[in-house]
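Down below is the structure, laid out as structure tokens.
Chains as they are written, first to last, in my numbering: chain A, 1 to 117; chain B, 1001 to 1565.
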């Protein structure tokens, strides 16, 4: 059940992100990119499971007593954490750039930005 | 960070020879040295913001130290008679499948060497062209962060870390594309950022899929698992599709058609010395990642591939992901050669010609990789990778030289439009000679480095007995001659125009160009050691088992009681 809901949510996020990227407004394009980035993060998180821990899978806990609990996959969480930070920085940068585009072109409409040459 | 104990190989080398009589573990430390040096240079030049000359001093010193570290890696790990050929460093001393592994083998070292040569040239060039205000801004720290990202991407042995280093490299390059700050540059930078954000999301999807499929992201461990899926209880089925996603991301970085559209605007917008670095170094990161993942990591996976394009009779079949990579890469490379070549012929500015030329030239690098991926013959596969690497080296030197030459022309005359130029040859003969050498290297005239690059690529195509590829390469070469001749005629010959008449050419800038031109001649004239290096690099790229053993040895040793407590 959880898997189906997750799959549907990830699919919906990607659809929404793609829809926004295809808009003419630059800010919506940035939002679309941010949403697609977050969808990728949710997907990444969904790729890890919950498994009985062993000294192999939980190296951090291995040296601290006999009992190693059942854990969610720590690796994907570390990956997602990194990806969120990077995505956050990149989105902020893209927003600053779009403000700059607005200052220089007086518009945020992609079709009015002029020739790309 | 502490260093791991040496591997058994390290110990035996040190015991038997006085040549590598270094302290224990120094080979591992060498692996991380270039990254630490470039990071220190970045931070150091950031801290010295209020003292422009101090910043330049730290930057250039960092560049020189980086080159020395790379040269030491080349010698002690790859080229010396008793060198181990591969060395690893476990960051923080965590053992291989959990911790972050840095690996230097022939392939990484070859790529690092190209970046080191071009990096120094570009750095020295930068010190001369920047206005005073920019010396105080963040140009030099960013330059080093760009180099840090490229270095990390070449050294990492972990797929997710490859993503992280890509982002480090991209973040710096975004700012360089927007560097001049006009409306055009901002617009170019925005599309460049948007495209790469999308690519990053796709990269993450590929990484997540590979982790879900195989249960690891360490490249050596990945190679081990996909080669023997039954033993690890994994289903290798999705790997081809996931590799296709990653391939598209790397193709964007390499600028292969149909992912080339960002290149002309981005290269035109970035300062010329950075465009040299984008063409010479970040492009090669894409090529490196394609070679590394296709050949070292996923080559041994047993997955049935069968693709039919309905209605064309085109069919691809094989039992390894390489069958797909080869076919896809071949189509992209062929399109790149044509699109890049034809595009370059009609451009109105020197940067435009070089940017489109860059698209075409990367096709010449990718074609032999495609040949190597499709063939089952180990010799031909080896020849293909060697050809790609030698051509990549030639492209880095020649395109780096040409972009820097455009920078020189622009800072001397204030323009790089072909219509506004003319008669440059009489104004500054050394500049003209350097540009001429770079152009001829692109065309492939002996005894320059380009000749061997072209020769090996044609050789690989001939050995593959593919007339289509040979004709394609021939057309691509003719297009190269066409746009190179046109650029030369328009800018260096003919009547001197106003901007050229009043131009004052900077001696140091021309000096950098002349040194690069000499390097191109030297690579061509003394090709034997370069070939040996490329040969070792290709051997390393194809030696998946050696790679696994070198990385895996640490796991074994750690279990045996070494490592952290």
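C-beta: ideal position from N, C-alpha, C; glycine also.
Three or more beta-carbon pairs separated by less than 8 Å are not found between the region 1505-1513 of chain B and the region 1381-1399 of chain B, which leaves the two stretches without contact. Under the three-state reduction of DSSP, residue 1315 of chain B is assigned to strand. Put simply, the CB of residue 104 of chain A is near chain B, with a gap under 8 Å to one of its CB atoms. For residue 1101 of chain B, the enclosing beta strand (DSSP E) covers residues 1101-1105.
The DSSP-derived three-state label of residue 1486 of chain B is helix. Contact annotation for residue 82 of chain A against chain B: 1160, 1164 [CB-CB distance below 8 Å, chain order].
Listed in chain order, the non-local C-beta contacts of residue 1089 of chain B below 6 Å within the same chain comprise 1028, 1031, 1032, 1102, local neighbours out to five positions each way being set aside. Contact between the region 1196-1208 of chain B and the region 1156-1169 of chain B is present, with at least three C-beta pairs closer than 8 Å. Flagged as an interface residue toward chain B: residue 33 of chain A, by a C-beta distance shorter than 8 Å. From the listed residues B/1258, B/1113, B/1431, B/1223, the smallest Cα separation to residue 1404 of chain B is found for B/1431. The Cβ atoms of residue 1267 of chain B and residue 1256 of chain B do not sit closer than 8 Å to each other. Its Cα nearest to that of residue 1517 of chain B, the residue B/1433 stands out among B/1476, B/1433, B/1497. For residue 70 of chain A, the three-state secondary structure derived from DSSP is strand.
Contact between residue 1453 of chain B and residue 1477 of chain B fails: their C-beta atoms lie close to 11 Å from each other, not under 8 Å.
In the three-state reduction of the DSSP assignment, residue 1082 of chain B falls in the coil class, being assigned neither a helical nor a strand state. Contact note: residue 79 of chain A reaches chain B through 1160, using a C-beta cutoff of 7 Å and chain order. Of the residues B/1496, B/1520, B/1390, the one whose Cα lies closest to the Cα of residue 1458 of chain B is B/1390.
Against chain B, the beta carbon of residue 44 of chain A has neighbours under 7 Å at 1204, 1208, listed in chain order. Under the DSSP assignment, residue 1358 of chain B falls in the alpha helix (DSSP H) whose first and last residues are 1350-1374. Taking 8 Å as the threshold, the shortest C-beta distance from residue 1507 of chain B to chain A does not fall below it. Taking the Cα of residue 1148 of chain B as reference, the smallest distance to any Cα among B/1233, B/1281, B/1225 is reached at B/1281. Residue-level contact check: residue 1415 of chain B does not touch chain A, since none of the beta carbons of chain A fall below 8 Å from its beta carbon. Using a Cβ-Cβ cut-off of 8 Å, residue 24 of chain A does not count as an interface residue toward chain B, since no Cβ of chain B sits closer than that to its own. Taken in chain order, the complete alpha helix (DSSP H) segments of 4 residues or longer contained in the region 1052-1081 of chain B are 1052-1073. What residue 1193 of chain B touches in chain A, judged by beta-carbon distance under 8 Å, is 90, 93, 94, 97, going in chain order.
Looking at the DSSP output, residue 1089 of chain B bridges to B/1102.
By the neighbour-count criterion, in which a residue is buried when 16 or more other Cβ atoms sit within 10 angstroms of its Cβ, residue 70 of chain A is exposed.
Counting along the chain, the unbroken beta strand (DSSP E) around residue 1306 of chain B starts and ends at 1305-1309. For the 8 Å CB-CB criterion, residue 1301 of chain B and residue 1227 of chain B form a contact. Contact with chain B is absent for residue 5 of chain A, since none of that chain's Cβ atoms lies less than 8 Å from the residue's Cβ. For residue 8 of chain A, the nearest beta carbon of chain B is not closer than 8 Å to its own beta carbon. Neighbourhood of residue 1183 of chain B in chain A, by CB distance below 7 Å: 104, 105, in chain order. Listed along chain A are 21, 33, 36, each with a C-beta nearer than 8 Å to that of residue 1198 of chain B.
Close to residue 1419 of chain B, with beta-carbon spacing below 7 Å, lies no residue of chain A; the smallest spacing is near 15 Å. Taking every protein chain shown into account, the CB of residue 1295 of chain B has 16 or more other CB atoms within 10 angstroms, so this residue is buried. CA-CA distance, residue 1182 of chain B to residue 1063 of chain B, rounds to 30 Å.
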